Every structure is written in structure tokens, then in C-alpha cells.
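Let me begin by presenting the structure, written as C-alpha cells, before commenting on it.
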Amino acid sequence: MTASPAFADRLLRWFDAHGRHDLPWQNPRTPYRVWVSEIMLQQTQVNTVKAYFERFMARFPTLEALAAAPLDAVLAQWAGLGYYARARHLHAAARVMVAQGIPDTLACWLALPGVGASTAAAIMAQAFDEPATILDGNVKRVMARHAGIDTPIEQAATIHRLYDCARAYTPAYRSADYTQAIMDLGATLCTRSQPQCSDCPVSADCVAWQEGRVDELPARRVRRSLPVRTTTFLALFDADERIWLTRRPSVGLWGGLWCLPECRVSADHGLPAAGESISPVCANATAAVPWAQFAHRFTHFELRASVRKTTKADSVGLADDGAWFEVNRLLAARDIGLPKPIQTLLAANFPPNESIH
Ligand code: SF4
2 MTASPAFADR LLRWFDAHGR HDLPWQNPRT PYRVWVSEIM LQQTQVNTVK AYFERFMARF
62 PTLEALAAAP LDAVLAQWAG LGYYARARHL HAAARVMVAQ GIPDTLACWL ALPGVGASTA
122 AAIMAQAFDE PATILDGNVK RVMARHAGID TPIEQAATIH RLYDCARAYT PAYRSADYTQ
182 AIMDLGATLC TRSQPQCSDC PVSADCVAWQ EGRVDELPAR RVRRSLPVRT TTFLALFDAD
242 ERIWLTRRPS VGLWGGLWCL PECRVSADHG LPAAGESISP VCANATAAVP WAQFAHRFTH
302 FELRASVRKT TKADSVGLAD DGAWFEVNRL LAARDIGLPK PIQTLLAANF PPNESIH
């Protein structure tokens with residue numbers, strides 16, 4: 002495929018007039034701010050990220066402030082954005098950068114935790130104005146439509162073809178602007194549903210538009226419905242109405258966040274089966290009563306949870322992976338990371354200054 006400066010020129014002209022120039026991480030566009038924004042944007046849309054980014058920068062205005070903060074403080078600012086491995090990687094990478102300096106090459110960015118090829122390219126283009134090719138979800142969609150690539154977008158061979166297209170279109174000039182422009186095109190005109198092709202600056206040679214196949218592209222594998230996992234959480238209170246939370250293992254679902262103890266349940270009566278508790282604290286659940294239910298969709302499964310409430314029995318011990326928290330203070334302070342569904346559950350059941358009774 003030959004380079005297509007015309008594509009870049011048309012896109013940049015459109016970007017100058019219609020692109021997004023006032024995103025929080027664009028002003029000022031420092032490597033630290035661009036890096037944080039790109040990690041947040043990996044699985045989250047711009048409109049959601051904006052508020053999180055502003056709060057994150059207010060709490061951690063510099064790389065040094067982020068590196069010096071405890072992981073809990075970082076997870077607390079991340080709570081609700083999901084994909085918490087991003088926050089753990091961000092924190093670990095900040096400590097590496099404080100020790101070794103902020104990278105200024107693609108290879109050095111790629112060596113940091115949590116930074117993949119597209120993220121590294123986006124940082125190099127936006128923070129250093131270096132030509133680099135990104136291929137996030139928006140760009141994949143634009144490339145698949147513009148070049149008429151109709152094999153399933155999840156396949157490795159398709160991604161190679163999309164990268165080839167994206168590389169061929171990437172200009173050697175105005176790298177920061179082009180990178181923002183191609184993301185903006187995907188986010189505002191070449192949208193997943195109802196793209197606005199008649200306003201598109203590259204419609205003249207867009208295969209999908211010219212051939213009337215915009216709705217078909219990008220092609221996807223037929224999606225299976227998400228598998229369902231069920232589980233039970235325990236809302237355990239002490240005599241002072243504080244709630245017991247445990248920190249989840251650093252790897253896995255909601256890794257490193259604070260959560261209600263999760264208890265396996267036996268199939269017949271819904272209570273923890275003897276010897277099956279994930280946490281010893283779940284032995285308290287034998288006296289628990291149904292309290293709440295919630296469902297939460299993850300990428301690969303749907304979690305359906307029931308929550309049972311009880312007061313700590315004197316005879317039952319606690320594991321050393323938890324602590325008691327006063328719920329209203331916890332919700333107001335936001336100083337530890339809670340999974341979003343747990344935060345929502347507690348907020349719904351604990352309006353400010355109300356007790357469990
Ligand atoms: S013409 Fe339509 S489908 Fe093609 S790139 Fe533009 S917005 Fe996307």
C-alpha cells in the first residue's frame with residue numbers, strides 16, 4: 002500500500018475546523034498528562050474519562066506525586082473506571098519513571114507496565130510530536146470501513162491489515178494533530194452506529210461508503226451471549242454498625258480493591274458450604290439474611306451477586322486481610338478503592354448519616 006498524504010491532509014483540514022482541541026490532557030500536553038490520559042482511554046470513552054482525569058490530576062499533579070502515593074490512593078481515584086490493572090500498572094510505571102526518567106522513545110514506553118503498541122504510539126505522537134501509528138478501537142473502525150476490510154476485526158490477520166492501512170495513512174508531519182484527528186473522526190463522525198458519512202472529509206475514497214457497506218463494517222464474529230457467574234457477598238457489621246471489608250488479591254477480578262467478603266454458596270440453601278468459604282470471615286454467614294442483589298457486566302461474563310447481611314458473631318474470628326469501616330465516612334472520603342457495584346450498593350443503602358437500623 003502506498004502512502005496517502007491526501008488522506009492525512011483532508012483529515013487535518015477537517016480537524017482544524019471541527020476536531021476536539023479542548024480536552025483536559027491537551028492543555029498543557031505534557032508527557033505525564035498524555036500518558037495518564039492514554040491509560041485511562043484504553044477501555045473507557047472520552048466523555049467518561051474527562052472527569053476522572055481532572056480529579057486524578059488534582060490529586061496527583063505530578064509524576065512524583067503519583068509515584069509517592071500509596072496504591073490504595075490511586076485505586077480510590079480509579080474506582081468506577083474499571084479494568085483496575087490499569088491503575089496498578091500506572092502506579093508501578095510511575096515509580097519506574099521517577100527512578101529512570103520519562104521515556105522519549107517508542108521502545109522505552111513499550112517497556113513500561115500497561116503500555117502497549119497503540120498506547121506507546123499515541124504518547125509519542127501527542128507528547129513528542131513524533132510520527133507514530135495508533136490503532137485503537139476507533140481507528141480500527143475507520144480503517145476497516147475506509148479500506149473495505151471485511152474479515153472479522155478480532156482476527157490477528159485483520160489487525161495486521163488494519164495496521165498496514167493505518168501506517169500508510171500516517172503522515173510524517175503534524176503527528177500530534179493527526180493522531181487526535183483520526184481518533185476524533187472515529188469518535189464523532191465514523192461512529193459505530195449512524196456514522197455521518199456525508200460530512201466525512203475522507204468519504205470520496207471510502208470503500209464502505211462508496212459501496213454502500215458502512216453498516217456491515219467492521220465485520221465481527223457472531224457473539225455468544227455472555228456466560229453468567231453467580232456469587233454471594235457478605236455484609237458483616239459490628240456492634241458499632243461498621244462494615245467489614247477485605248482487600249481482594251492483587252490479581253484477578255477487582256484486584257487490589259476493597260470489597261465485601263465473597264463467599265461461595267452451596268447450591269441447595271444459598272449459604273456458604275462448610276469448608277467452602279473463600280474467606281474465613283464467611284463463617285459468619287450462617288446467620289446472614291438476604292439484603293441486596295446486583296448484576297454487573299464484565300467483558301467476558303456477567304456477574305450476578307446476592308448480598309447477605311449479618312452482625313459479627315463473637316465466636317467467629319476474622320481474617321487478617323480486612324478492616325472495619327464506618328460506611329458514611331468511607332463513601333465521603335473515597336480514600337480506598339471500592340468496586341463500582343459495591344460503592345453503588347453501599348451508597349444506596351447508606352444515605353448520608355443513616356445507620357443500618
Ligand atoms: S465515509 Fe463514513 S464510513 Fe467512510 S470513513 Fe467517513 S464516516 Fe467512516
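Residue numbers (this note's numbering): 2 to 358.
Glycine residues also receive a C-beta, built at the ideal position from the N, C-alpha and C atoms.
Fair warning: this is a prediction, and the values are worked out from it, not measured in the lab.
Inter-residue Cα distance where the pair is residue i and residue j
i: Y85; j: D241; result: 31 Å
i: A9; j: G213; result: 23 Å
i: E39; j: Y53; result: 12 Å
i: P228; j: H301; result: 7 Å
i: A284; j: S226; result: 34 Å
i: D17; j: P291; result: 57 Å
i: P342; j: F295; result: 7 Å
i: D269; j: V328; result: Unreliable placement is indicated for D269, whose pLDDT of 44 sits below 50; no coordinate value is reported for it.
i: G138; j: R248; result: 33 Å
i: I337; j: L82; result: 14 Å
i: T345; j: I183; result: 36 Å
i: M41; j: D315; result: 44 Å
i: A93; j: D322; result: 22 Å
i: A7; j: Q27; result: 26 Å
i: A275; j: F326; result: Caution is warranted here: a pLDDT of 45 is assigned to A275, below 50, making its placement in the model unreliable, and no coordinate value can be reported.
i: S119; j: V208; result: 24 Å
i: W210; j: G187; result: 14 Å
Beta-carbon proximity check, residue i vs residue j, cutoff 8 Å
i: K313; j: D239; result: yes
i: L64; j: I103; result: yes
i: R89; j: L72; result: yes
i: Y179; j: P172; result: yes
i: P132; j: S194; result: no
i: T192; j: L304; result: no
i: V47; j: Q127; result: no
i: L258; j: W245; result: no
i: L91; j: V37; result: yes
i: A320; j: V308; result: no
i: A121; j: L107; result: yes
Element boundaries [beta strand (DSSP E), containing residue i]
i: S307; result: E303 to T312
i: G323; result: G323 to F326
i: F57; result: Run containing F57: none in the beta strand (DSSP E); it sits in the alpha helix (DSSP H), V47 to R60.
i: W292; result: V290 to R298
i: A240; result: Per DSSP, A240 belongs to no beta strand (DSSP E) and is neither H nor E.
Extent of the continuous alpha helix (DSSP H) to which residue i belongs
i: A348; result: K341 to N350
i: V208; result: V208 to Q211
i: V37; result: P32 to L42
i: A95; result: A86 to Q101
i: I1; result: Nothing about residue 1 can be reported from this structure: the residues present for the chain run from 2 to 358 only.
i: L67; result: L64 to A69
i: L111; result: L107 to L111
i: W79; result: L72 to W79
i: T159; result: A157 to Y170
i: R146; result: G138 to A148
Within-8 Å CB hit, residue i to chain B
i: T45; result: No chain B is present in this structure, which holds just one protein chain.
If you measure from each residue's Cβ to the nearest non-hydrogen atom of ligand 1, which ones come out under 5 Å, in chain order? R146, H147, L190, C191, P196, C198, C201, S204, C207, A209, W210 and V215
Give a yes or no on contact between the segment 200-211 and the segment 52-67, applying the rule of three or more CB pairs nearer than 8 Å. no
Could you tell me whether the segment 135-153 touches the segment 216-224, where touching means 3 or more Cβ pairs closer than 8 Å? yes
At least three beta-carbon pairs within less than 8 Å, the segment 9-16 to the segment 99-115: no
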